[in-house]
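Asker: Heads up: the sequence shown begins at 1 in our numbering, then just goes up one per residue.
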Amino acid sequence: MPRSRSIQAAEAPLWLAVLLDYSFSYKNAQRTARLDLLGITHDATAYPDDIPHWRLAELLLRWADQYVPAEDWRRLQARVRKKRSATI
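The structure is reproduced here in structure tokens:
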């Protein structure tokens, strides 16, 4: 049984960047998926005081559950780990 997906609140902005990159570089990404993610991005950047990191993590996780296949999720986790280690 695979582990359930999760995004830590503190890493939500990092995940946002990775998911945006994924969405716009993935050839088969649906237009709806991109627009949904852009909506989340807009709200998170235009109203940062209204959307805390824990809420952003929830929104991104819901988006990923809907649009990111399991094999891509594993690759995205590796990207986040790489970016995390680069910032330390």
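The beta-carbon is built from N, C-alpha and C at its ideal position, and this holds for glycine as well. Fair warning: this is a prediction, and the values are worked out from it, not measured in the lab.
What residue does the alpha helix (DSSP H) around Val80 start on, and which one ends it?
Answerer: Here the alpha helix (DSSP H) through Val80 covers 70-87.
Asker: Alpha helix (DSSP H) containing Ser25: first to last residue?
Answerer: From DSSP, the alpha helix (DSSP H) with Ser25 extends over 12-25.
Asker: Give every residue of the same chain whose Cβ lies closer than 6 Å to the Cβ of Val18, excluding the five residues on either side of it in the sequence, and list them in chain order.
Answerer: Once the five neighbours on either side are set aside, the close Cβ partners of Val18 are Leu76, Arg79, Val80.
Asker: Taking the C-alpha atoms as reference points, what is the distance between Leu20 and Arg3?
Answerer: C-alpha separation (whole angstroms): 23 Å.
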